[in-house]
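Student:
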Amino acid sequence: MRYLTVLAHPAESSGFHPLGRALSDEPSIEREAIHNVELLPDGTVLLLAEGSGDKTRYEEIMRDSPAVIDYLVSGGTRWMAVSQFEPTDVTRRILELERESDMILEMPIRITSDGSLRITYLGSESDLRELFEYAADAAAVTFEVVKTGTYEPDEGSFTRELTARQREVLEAAVEVGYYNAPRQATHEDVATTVGIAPATAGEHLRKIEERVFGALVR
1 MRYLTVLAHP AESSGFHPLG RALSDEPSIE REAIHNVELL PDGTVLLLAE GSGDKTRYEE
61 IMRDSPAVID YLVSGGTRWM AVSQFEPTDV TRRILELERE SDMILEMPIR ITSDGSLRIT
121 YLGSESDLRE LFEYAADAAA VTFEVVKTGT YEPDEGSFTR ELTARQREVL EAAVEVGYYN
181 APRQATHEDV ATTVGIAPAT AGEHLRKIEE RVFGALVR
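Residue numbers for the sequence shown follow UniProt numbering, beginning at 1 and rising by one.
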């Protein structure tokens with residue numbers, strides 16, 4: 001089995017979906033990951049997503065969107081949200097290609113700060129090529145290949161435990177030497193690289209270490 005990891009960049013005008021653009025543009029909300037996405041028989045999409053920040057504002061955006069049929073949000077400052085909504089034509093076709101072929105979407109799908117999606121598809125060479133060719137012809141989305149090769153189930157198991165922002169902070173920490181021995185950087189250095197407050201960087205690093213070490217013990 002082959003894998004294809006891509007960064008799927010939405011068009012500037014609307015994102016993958018106007019709803020996604022509205023959520024990405026809201027500064028009080030951080031979209032972090034998609035844990036399940038399914039095209040239902042009636043043509044609507046069922047989505048399970050993870051986010052953090054102002055849950056009330058998230059609910060307002062969902063309630064005001066004409067595309068949203070129903071939604072449910074559970075949690076506090078970090079929450080999980082189930083939603084059913086009308087997809088765009090491009091989103092529907094990409095999900096149809098997945099359903100019609102033997103491709104598998106590896107979960108979770110990570111959401112970057114600009115609203116792009118880091119997606120890993122598993123499948124045959126021909127299925128992955130068909131998907132990539134369709135995306136190349138679709139004006140609403142651009143696929144940037146991150147890596148491809150033979151799929152190894154355990155590859156990246158630790159980093160898959162992290163949110164998109166946590167991955168960004170971890171990469172910055174490694175880059176500036178935070179984990180070198182002896183340590184060559186501080187929380188302030190990591191924060192400057194990412195563009196966040198030092199206290200926020202420290203909190204992210206503590207959560208990263210908790211998740212990675214927890215996965216190692218498990």
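Yeah, the Cβ is synthetic: ideal placement off N, Cα and C, and Gly gets one too.
What does the Cβ neighbour count give for residue 72, buried or exposed, with the cut at 16 atoms within 10 Å?
Tutor: Looking up residue 72 in the sequence shown gives position 72. The residue is exposed, with fewer than 16 neighbouring Cβ atoms inside 10 Å.
Student: Can you tell which of 46, 176 and 116 has the C-alpha that lies nearest to the C-alpha of residue 23?
Tutor: One-based indexing of the sequence shown puts residue 23 at position 23. Per the Cα distances, 116.
Student: Scan the UniProt domain "HVO-0513-like N-terminal" (17-151) and note each continuous alpha helix (DSSP H) run of 4 residues or more that stays entirely inside, going in chain order.
Tutor: List check, alpha helix (DSSP H) in window: 18-24, 55-64, 89-100 and 125-137.
Student: Of the residues 186, 145, 148 and 207, which one's Cα is nearest the Cα of residue 167?
Tutor: The residue given as residue 167 occupies position 167 in the sequence shown. Answer by Cα proximity: 207.
Student: Using CA atoms only, rank isn't needed, just tell me which of 182, 183 and 178 is closest to residue 193.
Tutor: Here residue 193 is taken as the residue at index 193 of the sequence shown, counted from 1. The residue with the shortest Cα to Cα distance from residue 193 is 178.
Student: Would the stretch 97-107 count as touching the stretch 52-61 if we require 3 or more Cβ pairs under 8 Å?
Tutor: Result no; under three Cβ-Cβ pairs closer than 8 Å.
Student: Helix, strand or coil for residue 197, going by three-state DSSP, please let me know.
Tutor: Walking along the sequence shown from the start, residue 197 turns up at place 197. DSSP places residue 197 in coil when its eight states are reduced to three.
Student: When we look at the beta-carbon of residue 13 and count the other beta-carbons within 10 Å, is it buried (16 or more) or exposed?
Tutor: Your numbering for residue 13 matches position 13 in the sequence shown. With a pLDDT of 49 at residue 13, under the threshold of 50, the modelled position of that residue is not reliable, and the figure given next carries that caveat. It is exposed - the Cβ of residue 13 has fewer than 16 other Cβ atoms within 10 Å.
Student: Whose C-alpha, out of 111, 196, 87 and 163, is nearest the C-alpha of residue 46?
Tutor: One-based indexing of the sequence shown puts residue 46 at position 46. Taking only the C-alpha atoms, the option nearest residue 46 is 87.
Student: Quick one, are the C-beta atoms of residue 43 and residue 92 less than 8 Å apart?
Tutor: Start at 1 with the first residue of the sequence shown, and residue 43 comes out as number 43. Start at 1 with the first residue of the sequence shown, and residue 92 comes out as number 92. Their beta carbons are under 8 Å apart, which means residue 43 touches residue 92 by this criterion.
Student: Using a Cβ-Cβ cutoff of less than 7 Å, which residues in the same chain neighbour residue 198 once the five nearest sequence positions on both sides are dropped?
Tutor: Within the sequence shown, numbered from 1, the residue matching residue 198 stands at position 198. For residue 198, where only same-chain residues beyond five positions count, the Cβ hits under 7 Å are 187, 188 and 191.
Student: In three-state DSSP terms, what is residue 213?
Tutor: Taking the sequence shown and counting its residues from 1, the one referred to as residue 213 is at position 213. Of the three classes helix, strand and coil, the one that applies to residue 213 here is helix, per DSSP.
Student: Apart from the five residues on each side of it in sequence, which residues of its chain come closer than 7 Å, Cβ to Cβ, to residue 57?
Tutor: The sequence position of residue 57 within the sequence shown is 57, counting from 1. If we look at residue 57 and ignore the five residues flanking it on each side, its Cβ neighbours are 26, 28 and 29.
Student: Rounded to the nearest angstrom, what separates residue 109 and residue 35 at their Cα positions?
Tutor: For the purposes of this step, residue 109 is identified with residue 109 of the sequence shown, where counting begins at 1. For the purposes of this step, residue 35 is identified with residue 35 of the sequence shown, where counting begins at 1. Each residue's alpha carbon lies about 7 Å from the other.
Student: In its own chain, which residues sit with a C-beta less than 6 Å from the C-beta of residue 84, not counting the 5 before and 5 after it?
Tutor: Here the question's residue 84 lines up with position 84 in the sequence shown. The answer, listed in chain order, is 44, 46, 69 and 70.
Student: Is the beta carbon of residue 141 sitting closer than 8 Å to the one on residue 18?
Tutor: For the purposes of this step, residue 141 is taken as residue 141 along the sequence shown, with counting starting at 1. For the purposes of this step, residue 18 is taken as residue 18 along the sequence shown, with counting starting at 1. The answer is no: Cβ separation not under 8 Å.
Student: By DSSP's criteria, residue 8 is part of a beta bridge. Which residues make up the other side?
Tutor: On the sequence shown, residue 8 is found 8 positions in, with the first residue counted as 1. DSSP output for residue 8 lists 117 and 143 as bridge partner(s).
Student: Could you check which residue in 39, 137, 40 and 80 has the C-alpha nearest to that of residue 59?
Tutor: Here the question's residue 59 lines up with position 59 in the sequence shown. It is 80 whose Cα lies nearest to the Cα of residue 59.
Student: Go ahead and pull the three-state DSSP assignment for residue 165.
Tutor: In the sequence shown, residue 165 corresponds to position 165, counting from 1. Residue 165: helix per DSSP, three-state reduction.
Student: Is the beta carbon of residue 181 less than 8 Å from the beta carbon of residue 205?
Tutor: Start at 1 with the first residue of the sequence shown, and residue 181 comes out as number 181. Start at 1 with the first residue of the sequence shown, and residue 205 comes out as number 205. No. Outside cutoff.
Student: Put residue 2 into one of helix, strand or coil per three-state DSSP.
Tutor: Taking the first residue of the sequence shown as 1, we reach residue 2 at position 2. Strand, per DSSP.
Student: For a quick check, are the C-beta atoms of residue 111 and residue 209 less than 8 Å apart?
Tutor: Counting from 1 along the sequence shown, the entry for residue 111 is found at position 111. Counting from 1 along the sequence shown, the entry for residue 209 is found at position 209. No, Cβ-Cβ distance for residue 111 and residue 209 is not below 8 Å.
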